[in-house]
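Undergrad: Submitted below is the structure of interest, expressed as structure tokens.
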Amino acid sequence: MTMVFDDRACELGEGPLWHPERQQLFWFDIMGKQLLTRKGDQQESWTFGERVSAAGWVDHDRLLIASETGLWRFDIADGSRELVVALEADNPVTRSNDGRADPWGGFWIGTMGKNAEKAAGAIYRYYRGELRQLVPGITISNAICFAPDRSCAYYTDTTTRRVMRWALEAETGWPVSEAETFLDLKDAGLNPDGAVVDAEGNLWVAQWGASRIAAYTPDGQFLRACEFPAQHTSCPAFGGPDLSTLYCTTAREGLDAQALEAEPRNGMTFASEQAGKGQAEHRVIL
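Under the numbering used here, residue 580 is the last one in the sequence shown; the count climbs by one each step, no gaps.
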């Protein structure tokens, strides 16, 4: 069953993170420059002076948050932040977008142009104090996630409509060889956005403009889709006590007044119970 988890309508909802120690969902409204959460019926938010988009959990009380200028250590209790490393801070064209912690305690983060300028962004990995660029020339970075057996990472440049798979070195998690195409959605006219991998290795990818999150098997076969009452599904996360609830952020960005009047739930955050079985989000090691 799909329901509204949180009724705050985001211009661009993104980056849902289920914190396994707090049993709590965090997510972002990128254009609103906000980090959002709720605990039970209590809604909470923090407003930043710049766009923020993705996070990993460091410990019970701290997150690593990606912004348009850096990766920040963020204290949930008092809202304070401390710069960990600059991220394209000297480039006013770009901002952060999709990101996720990897199984080795690293953090992958993508950037993109604030107006989706062609090839303005990149994908990076922060690991043991080093921020290294992995993929240059990205237009809209998305779908960063990792197989449960640590064998590979996934990512996309949404404009290509292809989800890539990249083998990872077993000891350190750095990519090896070249990335290969895992899904080619061009013929289907689908736009891959944020993604997550479940406990069985299936890839669940939000498809911008299609009102759904679609699951694909480890060999790239379509498994099933979970529909949501919002046009622009942006990113999934598994959470809940047994990691069987599929959360989905959505966006109002680019929708006209008629579309918003017809479906006012556009931009809200949704939950679909018993959708699958997720894997716990990895801790970022700083």
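Ideal Cβ placement from N, Cα and C applies to all residues, glycine included.
In this text, all values refer to a predicted model and were calculated from it rather than measured experimentally.
Quick one: residues in its chain with C-beta nearer than 7 Å to the C-beta of A545, no 5 flanking neighbours on either side, listed in chain order?
TA: In the sequence shown, the residue the question calls residue 545 occupies position 251. If we look at A545 and ignore the five residues flanking it on each side, its Cβ neighbours are C304, E305, L306, G307, H526, S528 and G561.
Undergrad: Counting C-beta neighbours from all protein chains within 10 Å, is the total for L537 16 or more, i.e. buried, or is it exposed?
TA: Along the sequence shown, one-based indexing puts residue 537 at 243. Under this definition L537 is a buried residue.
Undergrad: Going by beta carbon distance, what residues of the same chain come within less than 7 Å of G503, once the five residues before and after it are set aside?
TA: If you number the sequence shown from 1, residue 503 lands on position 209. Answer for G503: N485, Q525 and H526, listed in chain order.
Undergrad: At which residues does the beta strand (DSSP E) containing A664 begin and terminate?
TA: Not covered by the structure: residue 664. The range shown for the chain is 295 to 580.
Undergrad: Taking only three categories from DSSP, how would you classify L425?
TA: As a working mapping, residue 425 is identified with position 131 in the sequence shown. L425: strand per DSSP, three-state reduction.
Undergrad: Taking DSSP's pairing of strands, which residues face M406 in a bridge?
TA: Stepping through the sequence shown from its first residue, residue 406 is reached at position 112. Paired residue(s): R389.
Undergrad: On a Cα-Cα basis, can you pick out the residue from V491, D513 and Q552 that is closest to A531?
TA: Counting from one through the sequence shown, the residue named residue 531 turns up at place 237. Among V491, D513 and Q552, the Cα nearest to that of A531 belongs to V491.
Undergrad: Mind checking who A380 pairs with in its DSSP beta bridge?
TA: The residue given as residue 380 occupies position 86 in the sequence shown. The partner list for A380 (beta bridge, DSSP) reads G364.
Undergrad: Under the three-state reduction of DSSP, which class applies to T511: helix, strand or coil?
TA: Counting from 1 along the sequence shown, the entry for residue 511 is found at position 217. DSSP places T511 in coil when its eight states are reduced to three.
Undergrad: Which residues in the same chain as R356 place their Cβ atom closer than 8 Å to its Cβ, once the five residues preceding and following it in sequence are excluded?
TA: Locating residue 356 in the sequence shown gives position 62, where the first residue counts as 1. Excluding sequence neighbours, R356 sits near R367, F368, D369 and I370.
Undergrad: Could you work out which residue in D513, D443, F522 and L365 is closest to R506 when comparing CA atoms only?
TA: On the sequence shown, position 212 is the one that residue 506 refers to. Minimum Cα distance to R506 is reached at F522.
Undergrad: What number of angstroms, rounded off, separates the C-alpha of V298 from the C-alpha of G488?
TA: In the sequence shown, residue 298 corresponds to position 4, counting from 1. In the sequence shown, residue 488 corresponds to position 194, counting from 1. Cα to Cα, V298 sits roughly 19 Å from G488.
Undergrad: Which of the three DSSP states is assigned to T466 in this structure?
TA: As a working note, residue 466 is residue 172 in the sequence shown. In this structure, T466 counts as coil in the three-state DSSP scheme.
Undergrad: Leaving out the 5 sequence neighbours to the left and right, which residues in its chain are closer than 7 Å to C446 when beta-carbon positions are compared?
TA: Against the sequence shown, residue 446 aligns to sequence position 152. Answer for C446: R459, W460, A461 and L462, listed in chain order.
Undergrad: Report the CB separation of D300 from T539 in whole angstroms; it is logged as a contact under 8 Å.
TA: As a working note, residue 300 is residue 6 in the sequence shown. As a working note, residue 539 is residue 245 in the sequence shown. Not a contact, Cβ separation roughly 13 Å.
Undergrad: Anyone know if the C-beta pair for P314 and Y541 falls short of 8 Å?
TA: Numbered from its first residue, the sequence shown carries residue 314 at position 20. Numbered from its first residue, the sequence shown carries residue 541 at position 247. For P314 and Y541, no; Cβs fall outside 8 Å.
Undergrad: Give a yes or no on whether the C-beta atoms belonging to M325 and E547 are separated by under 8 Å.
TA: Stepping through the sequence shown from its first residue, residue 325 is reached at position 31. Stepping through the sequence shown from its first residue, residue 547 is reached at position 253. Against a cut-off of 8 Å, the Cβ pair of E547 and M325 comes out as a contact.
Undergrad: Roughly how many angstroms separate the alpha carbons of T519 and S361, rounded to a whole number?
TA: As a position in the sequence shown, residue 519 is number 225, starting the count at 1. As a position in the sequence shown, residue 361 is number 67, starting the count at 1. The sequence given here places Ala at residue 519; Thr does not occur at that position. Approximately 31 Å between the Cα atoms of the pair.
Undergrad: If you draw a straight line from the alpha carbon of A574 to that of L479, how long is it in whole angstroms?
TA: The residue labelled residue 574 in the question sits at position 280 within the sequence shown. The residue labelled residue 479 in the question sits at position 185 within the sequence shown. Roughly 28 Å between the two C-alpha positions.
Undergrad: Rounded to a whole number of angstroms, what is the C-alpha to C-alpha distance between G483 and T453?
TA: For the purposes of this step, residue 483 is identified with residue 189 of the sequence shown, where counting begins at 1. For the purposes of this step, residue 453 is identified with residue 159 of the sequence shown, where counting begins at 1. In a straight line, the C-alpha of G483 is about 11 Å away from that of T453.
Undergrad: Taking all protein chains shown into account, decide if L330 is buried (16 or more other Cβ within 10 angstroms of its Cβ) or exposed.
TA: Along the sequence shown, one-based indexing puts residue 330 at 36. The residue in question, L330, is buried, as its Cβ has 16 or more Cβ neighbours within 10 Å.
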